[in-house]
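Worksheet: the structure to be examined is printed underneath.
What follows is the structure, given as structure tokens:
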């Protein structure tokens, strides 16, 4: 008989030292990135090799409805086999008892990975790199807002009130005083992260009122996606302890900057461990150019994954620290694709297009897929954009409907992410978009009710 709890990661063992584990949360990320699963007694988890959930969790929209994404047998909700990845076992320190959470991988009854499980999609892309002798490395940046509790969707979102008793102020980027305003929340974020074994590279105040950024250390794509998935939950829980909300909406407050998940990429040679983006003399390589070329060519179709909601596209406005095109440049934050200042060993490409509202597994998978296609086809990028890229022309979709049109026809991208995933994703997102189009907004009532 198995005992799943014999080989826990160091941080989980430290969390439980001298204590009795009560419960284990068996979780997977659905398409929006929501943690779904079941909580089971620790004694049961220790002795059970796998668990079941219906595959329909991957057909759910953000509103809780189901897209018509079932296969030829119809909507029969087959059970998936969920197997724990014990390397992901980590504390849930905000709960009332001693609880661990464990990410599970989803398989069908024949042992094949469920193709529309977001974690499996990312694993598929990473495996394509491995087959070429390459090892992708990523480092995500997470932007989010701390806001006053909002219990009525009809009301505007307001920044949280800080320690001083005043609402958070905008345009205070990198202000340590602004960070201190949120000190109690940030302290809990650090404490939760330490209990879970996550290493924070830094926390800064961003340009929006109550907007923060957390940087994570670089590492393997699946591990970093796991951490972003966990971080969203722990940040929300830390905020709730202090009577405020944390939101990862791309554009929660009008006239304030949106929240991105910037993704830094490099690719290593598996045999040598060397960065493929730098040659022996420390100069940029053809692989470096081809990766950027792939992002420029394929990101217009992939943006439906990196910007998955109608609200996502409200972020792409000039002069609000968000891109409006796919120009690339060195140390230029107005471009959609940025090459940060770095040593040859650390040379990397930053995707500034992905929003914080995207599923981290899917956002990273889509970004890596674009670079992979560029490497395989040896695509050349445009000339480097020098100057303010907001003066250039926009070259990616500005509304979700157009993005979905491009995504649904992107056959090369489908082959990398997986045709089954792309079919399900397109159906679910189209269903969400069509539901949104049926909503009559306050703007329409205010300006059209008595004027047309």
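Residue numbers (the UniProt record's numbering): 1 to 452. Positions of the beta carbon are idealized from the N, C-alpha and C atoms, including for glycine.
Taking all protein chains shown into account, do 16 or more other C-beta atoms lie within 10 angstroms of the C-beta of residue i, making it buried, or fewer, making it exposed?
| i | result |
| --- | --- |
| residue 63 | exposed |
| residue 444 | exposed |
| residue 437 | exposed |
| residue 1 | Bear in mind that a pLDDT of 36 at residue 1, under 50, signals an unreliable position, so the number given afterwards is only what the model happens to contain. That one is exposed. |
| residue 451 | exposed |
| residue 188 | buried |
| residue 249 | buried |
| residue 90 | buried |
| residue 151 | exposed |
| residue 307 | buried |
| residue 439 | exposed |
| residue 316 | buried |
| residue 259 | buried |
| residue 254 | exposed |
| residue 446 | exposed |
I need the straight-line Cα distance from residue i to residue j, nearest angstrom please.
| i | j | result |
| --- | --- | --- |
| residue 162 | residue 234 | 20 angstroms |
| residue 48 | residue 54 | 18 angstroms |
| residue 67 | residue 403 | 18 angstroms |
| residue 38 | residue 103 | 11 angstroms |
| residue 358 | residue 32 | 7 angstroms |
| residue 381 | residue 335 | 13 angstroms |
| residue 349 | residue 383 | 15 angstroms |
| residue 239 | residue 232 | 11 angstroms |
| residue 303 | residue 280 | 34 angstroms |
| residue 217 | residue 140 | 8 angstroms |
| residue 135 | residue 449 | 57 angstroms |
| residue 435 | residue 425 | 15 angstroms |
| residue 385 | residue 92 | 45 angstroms |
| residue 28 | residue 105 | 7 angstroms |
| residue 186 | residue 18 | 27 angstroms |
| residue 121 | residue 34 | 16 angstroms |
| residue 399 | residue 433 | 10 angstroms |
Got a sec? Which residues, its chain only, sit under 8 angstroms from residue i by beta carbon, not counting five neighbours each side?
| i | result |
| --- | --- |
| residue 347 | 266, 275, 277, 278, 284, 288, 339 |
| residue 333 | 321, 352 |
| residue 95 | 23 |
| residue 442 | 154 |
| residue 406 | 300, 301, 303, 304, 397 |
Going by alpha carbons, who is nearest to residue i out of the options?
| i | options | result |
| --- | --- | --- |
| residue 395 | 407, 326, 371 | 326 |
| residue 419 | 65, 400, 115 | 115 |
| residue 44 | 237, 5, 442 | 5 |
| residue 118 | 191, 215, 363 | 363 |
| residue 429 | 65, 441, 269, 19 | 65 |
| residue 132 | 412, 271, 294 | 271 |
| residue 52 | 32, 42, 78, 46 | 78 |
| residue 243 | 182, 427, 223 | 182 |
| residue 9 | 195, 229, 434, 158 | 195 |
| residue 464 | 405, 228, 318 | As displayed, the chain neither begins before 1 nor continues past 452, which places residue 464 out of reach and without an answer. |
| residue 328 | 388, 361, 193, 147 | 388 |
| residue 297 | 263, 314, 337 | 337 |
| residue 201 | 34, 209, 214 | 214 |
| residue 366 | 173, 410, 324, 432 | 410 |
| residue 176 | 205, 16, 167 | 205 |
| residue 142 | 157, 405, 211 | 211 |
| residue 26 | 40, 16, 20 | 40 |
| residue 98 | 254, 42, 190 | 42 |
| residue 159 | 165, 146, 171 | 146 |
| residue 237 | 197, 191, 431 | 191 |
Starting from the C-beta of residue i, find all residues in its chain whose C-beta is less than 7 angstroms away, skip the five residues before and the five after it, and write them out in chain order.
| i | result |
| --- | --- |
| residue 341 | 331 |
| residue 414 | 422 |
| residue 416 | 125, 128, 369, 372, 373 |
| residue 109 | 81 |
| residue 30 | 36, 57, 58, 60 |
| residue 46 | 3, 4, 5 |
| residue 454 | This structure leaves residue 454 out entirely; the chain is present only between 1 and 452. |
| residue 7 | 86 |
Measuring from the CB of residue i, is there a heavy atom of the ligand ATP at a distance below 7 angstroms?
| i | result |
| --- | --- |
| residue 202 | The ligand ATP is not part of the structure shown, which contains no ligands of any sort. |
Which same chain residues, not among the five before or five after residue i, have their C-beta less than 6 angstroms away from its C-beta?
| i | result |
| --- | --- |
| residue 290 | 374, 375, 378, 379 |
| residue 344 | 278, 282 |
| residue 294 | 370, 371, 373, 374, 379 |
| residue 220 | none |
| residue 360 | 225, 228, 229 |
| residue 14 | none |
| residue 193 | 200 |
| residue 184 | 242 |
Q.
My parser needs the beta strand (DSSP E) runs of 3 or more residues fully inside the stretch 87–115; what are they?
A. Entirely contained in the stretch 87–115, the beta strand (DSSP E) runs reaching 3 residues are, in chain order, 99–107.
(Q) List, from N- to C-terminal side, the beta strand (DSSP E) runs of 3 residues or more that fit wholly inside the stretch 270–338. (A) Considered as a whole, the stretch 270–338 harbours 328–330 as its complete beta strand (DSSP E) runs of no fewer than 3 residues, in chain order.
Q | Contiguous beta strand (DSSP E) assignments of at least 3 residues, all confined to the stretch 223–255 | A | Counting only runs of 3 or more, we get 244–247.
Q. Whole beta strand (DSSP E) runs in the stretch 6–45 with 3 or more residues, listed along the chain?
A. Qualifying beta strand (DSSP E) stretches, in chain order: 23–29, 35–41.
Q. Which ranges would you report for the alpha helix (DSSP H) in the stretch 114–138 if only whole runs of at least 4 residues count?
A. Those alpha helix (DSSP H) runs which fall completely within the stretch 114–138 and span 4+ residues are 118–131.
Q: Output the residue ranges of the alpha helix (DSSP H) runs that lie fully inside the stretch 133–185 and measure 4 residues or longer, sorted by chain position.
A: Within the stretch 133–185, the complete alpha helix (DSSP H) runs of at least 4 residues are 176–181.
Q: List in chain order: all unbroken alpha helix (DSSP H) runs of 4+ residues lying wholly within the stretch 374–424.
A: The qualifying runs are 400–408, 411–417.
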